[in-house]
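Here the sequence shown is numbered in this note's numbering, starting from 5 and rising by one per residue. All C-beta atoms, glycine included, are put in the ideal place defined by N, C-alpha and C. Since we're looking at a predicted model, the values are computed, not measured.
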Amino acid sequence: MLASERYVEGTTERPRLCVFRSNKHMYVQVIDDSKMHTLASASTVQKPIAKEFDYTSGPTIEIAKKVGEVIAKACLEKGIQKVAFDRGGYPYHGRIEALADAAREHGLQF
């Protein structure tokens, strides 16, 4: 098993911040795996982010930073401060790194 294939599990105290990116969009969910519930989510499909950035070529680092900011604010509103970061096997650079750094800057701990 590769290190990037290990499963990151979220708990009630420390839910999992799961990232998925496609060629056109980026999706982030905060999941409590013990209850199998999505606690918060953000994506480039959501209207506030989609309206702010008019893009056609796919998510950029600036858009990833905005998604990180939105998910951090949503988590803090729900009382979630600590998360386990699940990068989904993607390398930790570029858009994934920008999203994680923005979430940390806005108060999430992982």
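Less than 9 Å separates the beta-carbon of ILE75 from that of ALA44. The continuous beta strand (DSSP E) containing LEU21 extends over residues 20-25.
Secondary structure of ILE84 (DSSP, three-state): coil. Going by DSSP, LEU103 is part of the alpha helix (DSSP H) stretching over 99-109. Between MET30 and ARG108, the C-beta spacing is not below 9 Å.
Within 10 angstroms of the beta-carbon of LYS86 lie fewer than 16 other beta-carbons, which makes it exposed. In the structure shown, VAL74 falls within a helical segment according to DSSP collapsed to helix, strand and coil. The Cβ atoms of VAL23 and PHE114 do not sit closer than 9 Å to each other. With a cutoff of 9 Å on beta-carbon distance, SER47 and VAL71 are scored as near each other. The C-alpha of ASP37 lies about 32 Å from the C-alpha of PHE57.
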